[in-house]
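Engineer: So in this note's numbering the end of the sequence shown lands on 140, straight run, no missing numbers. The beta carbon of each residue, even a glycine, is placed where N, CA and C say it ideally should be. Encoded as structure tokens, here's the structure I'll be asking about.
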Amino acid sequence: MLDRIPTDKDLIDLMGAQLYDVWIGLCNLIEEKYEMDRLWNSGGKAWKYEYKYRRGGKTLCGLYAKEEGLGFMVIMGRDERAKFEEDRRNYSAEVQKLYDEATTYHDGKWLMFELKDKSLFSDMEKLLLIKRKPNRK
Numbered sequence: 004m005l006d007r008i009p010t011d012k013d014l015i016d017l018m019g020a021q022l023y024d025v026w027i028g029l030c031n032l033i034e035e036k037y038e039m040d041r042l043w044n045s046g047g048k049a050w051k052y053e054y055k056y057r058r059g060g061k062t063l064c065g066l067y068a069k070e071e072g073l074g075f076m077v078i079m080g081r082d083e084r085a086k087f088e089e090d091r092r093n094y095s096a097e098v099q100k101l102y103d104e105a106t107t108y109h110d111g112k113w114l115m116f117e118l119k120d121k122s123l124f125s126d127m128e129k130l131l132l133i134k135r136k137p138n139r140k
């Protein structure tokens, strides 16, 4: 748990203005399509903050912030991996490589993307669609 939720200024100071812009863009992309609970947590050893999108006890994805860093994580279960593998040719080489190199745990394959810009947003959106259908119109 966190002592306090970080402010926009806290995030800008931590990540830098350029990555904060990517963070906001990713949040907007998710929130346009999904009505979700949003939870702030400590980011563990590697990250300062975790910002999770959840609904009904299931996590859609998580955003992670650290000094000069922005992460996007999605966990793909068995059925979700099968859907990705059917459609993998429609993802960028970068996403395919990260998928292939990601460790598969008992609860799924953990895909952590360290984003530098918005170039992978269309792939992020497709991964989220595999996880859950949008619930906003």
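Cutting at 7 Å between CB atoms, please list the residues of its own chain near residue 14, excluding the five before and the five after it.
Structural biologist: Contacts found: 23, 26 and 68.
Engineer: Suppose only complete runs of 3+ residues qualify. What are the beta strand (DSSP E) ranges in the stretch 9–50, listed by chain order?
Structural biologist: Those beta strand (DSSP E) runs which fall completely within the stretch 9–50 and span 3+ residues are 40–45.
Engineer: Indicate whether residue 53 and residue 17 have their beta-carbon atoms separated by less than 7 Å.
Structural biologist: Cβ distance not < 7 Å, so residue 53 and residue 17 don't count as in contact.
Engineer: Whole alpha helix (DSSP H) runs in the stretch 94–134 with 4 or more residues, listed along the chain?
Structural biologist: Within the stretch 94–134, the complete alpha helix (DSSP H) runs of at least 4 residues are 96–104 and 124–134.
Engineer: Can you find the residues in the same chain that come closer than 7 Å, C-beta to C-beta, to residue 116, ignoring five residues on each side of it along the sequence?
Structural biologist: Only 74, 75, 101 and 123 meet the Cβ criterion.
Engineer: Going by DSSP, which residues form a beta bridge with residue 85?
Structural biologist: For residue 85, which the question treats as bridged, DSSP gives no partner whatsoever.
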